[in-house]
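There are 2 protein chains.
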Amino acid sequence: MVTPRQRAREQTLVDITRLGREQLATVGAAQLSVRSIARDLGVVSSAVYRYVKSRDDLLTLLVVDAYDELGEAAEAAERRRRRADHMGRLRAVAHGVRDWALAEPARYALLFGSPVPDYEAPAEQTTGPGLRVPMLLVGVVDDAWQAGALVDPATPLSKALAKDMAGVADGLGVELSPAVMARSMFAWTSLFGAVSFEVFGQYGRDASYSRRLFEHHLDRIAAEVGL
Amino acid sequence: MVTPRQRAREQTLVDITRLGREQLATVGAAQLSVRSIARDLGVVSSAVYRYVKSRDDLLTLLVVDAYDELGEAAEAAERRRRRADHMGRLRAVAHGVRDWALAEPARYALLFGSPVPDYEAPAEQTTGPGLRVPMLLVGVVDDAWQAGALVDPATPLSKALAKDMAGVADGLGVELSPAVMARSMFAWTSLFGAVSFEVFGQYGRDASYSRRLFEHHLDRIAAEVGL
DNA sequence: CAAAAGCAAGAGCACTGCTCTCTAAAGTTG
DNA sequence: CAACTTTAGAGAGCAGTGCTCTTGCTTTTG
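Those protein sequences? They're chains A and B, same order as listed.
All the letters of the first sequence, read from the start, carry residue numbers 68 to 294 under the numbering used here.
All the letters of the second sequence, read from the start, carry residue numbers 68 to 294 under the numbering used here.
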């Protein structure tokens, strides 16, 4: 049985998340303040602490929210491709991530930028949503591998690294060859490296070439994955 | 003619930078406070504003400081290799960057993490030091190219991207083939992507495999560069 | 219907960046 | 060398922050 009070509480939590998301987008994570959210909510600051234990707790809420939206964006883009179109799926994921990141730079920064000091996202809440994109990537690479569509690597993995990758795959709860895992991690790391450099402005202010450079990087990543 | 007052002023500025650097390492950029620096300096907070216009101004000081130390570390590592040892030089730069980043995560985050909101590093002061590592990379790749040590790419650059890369090289003030520029940028982006993921904890808390994974990524990057 | 639990308000603490005015010392100049 | 100017630092103060605690009030529950 759901009481009106529970419903109101949930609604308030949703409102807080929404206002936090807006503040994140406009003023950024550092300037995000629970007092200002309280003002927008038409309530005194201490009232917000009934719903959110601390500012860090609020950040966790927003981290999960952002991971989920990013994951959903990437998954939606990937779903539009045929299962056998491995290259298309990889490109879809990559562009899904990049488009979301460019549209939501502050929220992207919250996920992949500097860790907020003295705050570490509680693993039990954030790892799940945070793994959606990586899972998508290993899915694509593994499908290609199973279909025999991957070019063989010039050099095989070292024994130690193969063991490491087996452990990572195990941690993800999937059955994968170490080679697939290693290639996926390279794709993952390089993809987000490219997106981060673009979002964080490392290429300089005039990023007129950034989209073409991203395409190029994507081609290089795909080549290294073996696609 | 340098007056004692000028000397004292310079010394105070050095002290402020040192204390800022320490605070950055201990509490991070977000928690960095000029009041606390004033306390450590044994002076009242308003006095610090005689030397530093604002907190952002202090951040700029620390950004330049960090870029210079990172650049120096990478250059020192690279200098230890013979000029013709292109692979060794690339690896030296990469490990120089990684080692510094792992030793100074907060300062690395200041340079390559989320941009501090409402603060953008003034280009005229930061671009120079910020380009030291990229310049090092293009130097290595170009040397290899000139020496004919680079494997030819499977697919040539598109016309548009070649033009973009020519523009970038021009902006750097160096004479480079677009292919060299593109490969350097891929190396740069992927290298820092790998380092950022490691420093920012995206691989999870137990990074037991992180060094071996980095070596693997480095091999993949080198392969894609053509080394 | 009375007890328990949940809610918002308001005051207050310790902190922040930053500005202002004031005093005293140091440097410069006629 | 005395008068003037520049400068470092102190201290008060403003507006903002995260967060806690108490105090009434309302809703839910036994």
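C-beta atoms are modelled at their ideal positions from N, C-alpha and C, and glycine is treated no differently.
From a predicted model like this one, the values you see are computed outputs, not experimental measurements.
{"query": "Secondary structure of THR70(A), DSSP reduced to three states", "result": "coil"}
{"query": "Heavy atom of the ligand ZN within 7 Å of GLN98(B) beta-carbon", "result": "Inclusion of the ligand ZN in the displayed structure is not the case, the ligand content being empty and no account of it being possible."}
{"query": "Cα-Cα separation between GLY298(B) and ALA274(A), rounded to whole angstroms", "result": "Because residue 298(B) is not part of the residues shown, which for chain B are 68 to 294, the question remains open."}
{"query": "Status (buried if at least 16 other CB within 10 Å, exposed otherwise) for ARG260(A)", "result": "In the sequence on display, residue 260(A) carries Gly and not Arg. Burial call: buried."}
{"query": "Cβ of GLY240(A) within 8 Å of any chain B Cβ", "result": "no"}
{"query": "Complete alpha helix (DSSP H) runs within the stretch 113-199 of chain B (minimum length 4 residues, chain order)", "result": "122-146, 153-170, 172-179, 190-197"}
{"query": "Selection of the stretch 161-182 of chain B by Cβ proximity to chain A, strictly under 8 Å", "result": "ALA173, ALA176, LEU177, PHE179, GLY180, SER181, PRO182"}
{"query": "CA nearest to the CA of TYR153(A), picked from ARG199(A), ASP210(A), HIS283(A), SER225(A)", "result": "The question names Tyr, but residue 153(A) is His in the sequence shown. Comparing Cα-Cα distances from HIS153(A) to each of ARG199(A), ASP210(A), HIS283(A), SER225(A), the minimum goes to ASP210(A)."}
{"query": "Listed by chain order, chain A residues near MET252(B) by CB distance under 7 Å", "result": "LEU280"}
{"query": "Short CB-CB distance (under 8 Å) between GLU291(B) and chain A", "result": "yes"}
{"query": "For PHE264(B), the first and last residue of its enclosing alpha helix (DSSP H)", "result": "245-266"}
{"query": "Proximity to LEU177(A) [Cα-Cα], best of GLY163(A), THR193(A), ALA214(A)", "result": "THR193(A)"}
{"query": "Three-state secondary structure assigned by DSSP to VAL111(B)", "result": "coil"}
{"query": "Spatially closest choice to VAL207(B) from GLY180(B), ARG146(B), ARG165(B), by CA coordinates", "result": "ARG146(B)"}
{"query": "Buried or exposed by the 16-neighbour rule on C-beta atoms within 10 Å, applied to LEU99(A)", "result": "buried"}
{"query": "Beta-carbon proximity list for VAL382(A), same chain, < 8 Å, skipping 5 on both sides", "result": "Outside the displayed range of chain A (68 to 294) lies residue 382(A), so it cannot be described from this structure."}
{"query": "Limits of the alpha helix (DSSP H) - the one that ASP231(A) falls within", "result": "226-239"}
{"query": "Contact check, ARG279(B) vs ALA227(A), beta carbons under 8 Å", "result": "yes"}
{"query": "Proximal residues to THR79(B) (C-beta, below 7 Å), its chain only, five neighbours per side dropped", "result": "TYR118"}
{"query": "Residue range of the unbroken alpha helix (DSSP H) whose run includes ASP286(A)", "result": "277-292"}
{"query": "Contacts around GLY95(B), its chain only, beta-carbon distance under 8 Å, and the 5 residues preceding and following it disregarded", "result": "ALA173, ALA176"}
{"query": "Cβ-based neighbour list, LEU91(A), same chain, cut-off 7 Å, excluding 5 preceding and 5 following", "result": "LEU99, LEU129, ALA173, ARG174, LEU177"}
{"query": "Cα-Cα separation between GLN241(A) and PRO189(B), rounded to whole angstroms", "result": "The question names Gln, yet the displayed sequence has Val at residue 241(A). In a straight line, the C-alpha of VAL241(A) is about 47 Å away from that of PRO189(B)."}
{"query": "Near-chain B residues of the stretch 143-158 of chain A - C-beta to any C-beta below 9 Å", "result": "none"}
{"query": "Cβ of ALA236(B) within 8 Å of any chain A Cβ", "result": "no"}
{"query": "Rounded separation between GLU191(B) and VAL218(B) - CA only", "result": "37 Å"}
{"query": "LEU285(B) vs ALA161(B) beta-carbon contact at 8 Å", "result": "yes"}
{"query": "Candidates ILE104(B), ARG150(B), ILE83(B), THR93(B): closest to ALA214(B) by CA position", "result": "ARG150(B)"}
{"query": "Candidates GLY268(A), ALA133(A), LEU126(A), PHE253(A): closest to GLU291(B) by CA position", "result": "PHE253(A)"}
{"query": "Supposed close pair TRP255(B), LEU224(B) - CB separation, criterion 8 Å", "result": "Going by Cβ atoms, the distance from TRP255(B) to LEU224(B) rounds to 16 Å, so no, they are not a contact pair."}
{"query": "Under 9 Å by beta carbon: chain A residues contacting LEU228(B)", "result": "TYR276, ARG279, LEU280, GLU282, HIS283"}
{"query": "Min CB distance THR256(A) to chain B below 8 Å", "result": "yes"}
{"query": "Within-8 Å CB hit, SER113(A) to chain B", "result": "no"}
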